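In mature numbering (1 follows the signal peptide of the UniProt record, and there is no 0), the protein residues as written are -23 to -1, 1 to 1072. No residue lacks a Cβ here, since even glycine has one placed at the ideal position from N, Cα and C. Nothing here was measured: the structure is a model prediction, and the numbers come from that model.
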């Protein structure tokens, strides 16, 4: 089967096809001699090759569905066109003519010269099969000789084959159910091999004659591939179906086939090349009823089934085309290999078959000649000259259906169903002759915004609101993104675009504080036991992450409880709702014109109008970090494996296209708060180290996963070294993150990454600093998912103590050491861990005996397990491990007397951090330059992000501090103005606390961060309805740090605390009162970490 490659471009359409050899006419005029001739017959035909690849599409038929010869007749006609003999050459169950002998059938590669290029190589898709046989001597003479394959012995056509005109005029009937029944072939014989041999008399005038015929199928086939390399960023086309439409019901066996033709006369072959040829055709309305008309549809190739709820469409979950990773169609991690096009056009690739359809020349197939105006904007089937079907009502065309999405922040924003149509023919301009025996390899090449008017595209935008959904917002609190909406139509005067956060799904009762998933690979289903799904007290959008107005607080506090510990807040408080409604966080109206300062106070928006198109650019915000701390609700996504989702309803009054009256139009936008990114969060180097670090942002695919996985940014991404820090690092791009088409970016402060590529780049260090020198600090800010989501990476070189504000250290402005305490020496001086990543030891209040972190890996001492024996410890002043029970680790009388209230240590201007020191790192002001972040820190020896959770979280005392690839979870405190950052590890296990006072009869000394010991709803109090995020708090990570001083009574003031609480899950950061040592003698004291400061 010959091939025809057609590449359709949205802006530039181009036809590629294989040239054929020139016709070599052969005719013998000598006098015919006496006697018979023996004929050696060779038949060639296009046959299919092995598959070059596979495709996920369903439907259509295998490309070799109508290949090869099942039966064969050879017919001789005299010079008057009357049948001389019909030789039955081959056919199962047929009586083979005895004059036929020596049948051989070869499916190997047997190509004639015209099927080879100048170097002797075969043209693609021209592989031929060959049949050879001999015919016993027949009388010499001149004959019209034909081959007919796959039509049995022609008995049912015995009246028609009596003449050559009748033979060629046999009307074949298309079988829409069994494509293999449409495999009829026809060929003329010549004395020399010629694919395009004319239908002329053949002279047989020698004892032995070699005859050649090229069999041509009556049917052709179409394969369709896609190329999105020319699309603009932020454009995605989700292909659903490829269907062949208006295929011929019948086909003439040996004459050109023109469905709809009234006359039975065979048109002159040159007519099909004549643009002025206008034969008499059946009416347009008769195209499906005429006997030589059309079937409305042929077969289709189902690429995928798009969901009913199109808001769940994401590049990770559904097959699409874009200009990034999936230029040639794909999804998820599938790449952009151009082999996809080759595979789609492979011989056995799913194909759409049809009979020849010759409709001649016609108008240009382009939808727009100038690229701006549509030539025929109102096609009408009933109106000739309206451009309907390119004025070829009986032509065959391919239709591609799908869904279009553009998230560009301009007038092209939009989303909706889309159809692409193309009329088949020998070129992409004016030819409508879909010839037989041809493989049409259509490559639909999109350009620009993809829905531009350069091709026959059905994409309508009636009066309505258009917004691409879903869209993404950062997992971090107090972050923003802009969403672009387009309103098409005449807006009612003085009306506004009104937005409302729905907050609660009326069908499912789902609210946005919960983890969310829809069962796809991008958003896996959340296990039922992962969160509390029962009834929630006073549930609503006020408990969730999204706001239509600018966030003004880090922490929402019930009035009167500003300096109280969070646990004192009444559990049944409704202040989240009160605050949300008072500040009108869930509702906002946007004016079309006359926008004043008051309209912009809660976040600037803009409106650009161009006729009846209005582009709104609207900011959306994540809320405060703590939405009344007691409730546990937060604007920061606490979940590492699952996103959260809320829905916004937009409404505006627009004039209806049909009625002409103003009616409310609505649109819904799903906002997904992406899952929390922990890995990596920080990269530190000691003063003498400058190893570069390969960053790959990773996330957990599901809860309790053993490995992190990279993920692709939906839209472009960027990494930037923010201003204010020290100049000691640069960034370098990678092919993995920025694509192979982009020039490598090296030694820069900001790099650009490609959409649908992982966030992948290098942090390069510039030299080293002297040991003990002031550390150098920087922050690399990554914005991904089309710059809507944010993630910071904290970089530091040097481990010397630093102040967070950059000023000189003092009693009120201490410099924080970079290490936790490992043990105390005999002089009462702290001995620090070997690395800032190492968690250090746990100490009960006042007791200088170090409870080693290695206990956490011992059987009987791991998380949640009640200790069954003695702990491995380092006693005061000793570097040798010994064992002590929990009771032996209680503060002694000397400890209580000398260190319980004021825990002093040796050292020059050095102390255990006081509660006041910790609160220099805390701020509830949204404008504070001091902030917190939580995630994984890598140190010396780590040069890339670790995929294994065990490696990413697993740094311990056994690691070589100069050469370890492992990381540690913890809390970063950073100054956004100067990039200085401090790190507090929570421990390899994730639980930086051994409890001295327990509940539910849990044994003292148990390794557990939380006070609770079971799921919140198992305690019988019913309080879970007030604090659903604490459902599984008992197993959530965090750490407690001892403070230097302890008051006998804190008077319920967190700033009088004797310990500090770092909640890794809820991202809490506050005083713990005397929760780590409730009794004044320390008998119930916890074992906690210790961090010191210099002053």
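How many angstroms separate the CA atom of residue i from the CA atom of residue j?
i: residue 86; j: residue 133; result: Annotation note: pLDDT 41 at residue 86 (below 50); position unreliable, coordinate value reported separately. Between residue 86 and residue 133, the C-alpha separation is close to 34 Å.
i: residue 288; j: residue 888; result: 56 Å
i: residue 953; j: residue 1072; result: 23 Å
i: residue 933; j: residue 965; result: 7 Å
i: residue 1014; j: residue 642; result: 47 Å
i: residue 589; j: residue 460; result: 20 Å
i: residue 541; j: residue 766; result: 34 Å
i: residue 531; j: residue 1067; result: 27 Å
i: residue 183; j: residue 112; result: 14 Å
i: residue 230; j: residue 380; result: 40 Å
i: residue 600; j: residue 628; result: 23 Å
i: residue 963; j: residue 585; result: 50 Å
i: residue 408; j: residue 481; result: 56 Å
i: residue 205; j: residue 296; result: 13 Å
i: residue 60; j: residue 117; result: 16 Å
i: residue 807; j: residue 733; result: 49 Å
i: residue 938; j: residue 509; result: 41 Å
i: residue 927; j: residue 861; result: 29 Å
i: residue 265; j: residue 17; result: 45 Å
i: residue 924; j: residue 369; result: 59 Å
Which two residues bound the contiguous beta strand (DSSP E) that contains residue i?
i: residue 930; result: Where residue 930 is concerned, there is no enclosing beta strand (DSSP E), although the alpha helix (DSSP H) it sits in stretches over 926 to 930.
i: residue 662; result: 659 to 662
i: residue 894; result: Unbroken run through residue 894 is the alpha helix (DSSP H), 892 to 896; no beta strand (DSSP E).
i: residue 944; result: 944 to 952
i: residue 994; result: Looking at the DSSP string, residue 994 is not in any beta strand (DSSP E), and its letter there is neither H nor E.
i: residue 328; result: Counting along the chain, residue 328 falls outside any beta strand (DSSP E), and DSSP gives it neither H nor E.
i: residue 437; result: Run containing residue 437: none; DSSP gives neither H nor E here.
i: residue 911; result: 907 to 915
i: residue 411; result: 408 to 411
Report buried or exposed for residue i, applying the criterion of at least 16 other Cβ atoms within 10 angstroms of its Cβ.
i: residue 712; result: exposed
i: residue 683; result: exposed
i: residue 978; result: exposed
i: residue 239; result: exposed
i: residue 816; result: buried
i: residue 67; result: buried
i: residue 591; result: buried
i: residue 548; result: exposed
i: residue 502; result: exposed
i: residue 468; result: buried
i: residue 512; result: exposed
Assuming residue i and residue j form a contact by the criterion Cβ under 8 Å, report the distance between their Cβ atoms to the nearest whole angstrom.
i: residue 150; j: residue 227; result: 6 Å
i: residue 298; j: residue 203; result: 5 Å
i: residue 915; j: residue 657; result: 6 Å
i: residue 973; j: residue 946; result: With a Cβ gap of about 24 Å, residue 973 and residue 946 do not count as contacting.
i: residue 669; j: residue 769; result: That belief does not hold up - the Cβ atoms of residue 669 and residue 769 are roughly 19 Å apart, past 8 Å.
i: residue 898; j: residue 950; result: 5 Å
Based on DSSP bridge pairs, tell me the residues matched to residue i.
i: residue 162; result: 126, 194
i: residue 336; result: Answer is none; residue 336 lacks a bridge partner.
i: residue 487; result: Bridge partners of residue 487: none, in fact.
i: residue 961; result: 948
i: residue 596; result: 459
i: residue 934; result: None, per the DSSP bridge assignment.
i: residue 622; result: 649
i: residue 448; result: 648
i: residue 642; result: 629
i: residue 974; result: According to DSSP, residue 974 bridges with nothing at all.
If you follow the alpha helix (DSSP H) that residue i is in, where does it begin and where does it stop?
i: residue 871; result: 870 to 875
i: residue 239; result: No alpha helix (DSSP H) holds residue 239; DSSP gives it neither H nor E.
i: residue 145; result: 141 to 145
i: residue 402; result: That residue, residue 402, is in no alpha helix (DSSP H); it is neither H nor E in DSSP.
i: residue 556; result: 552 to 559
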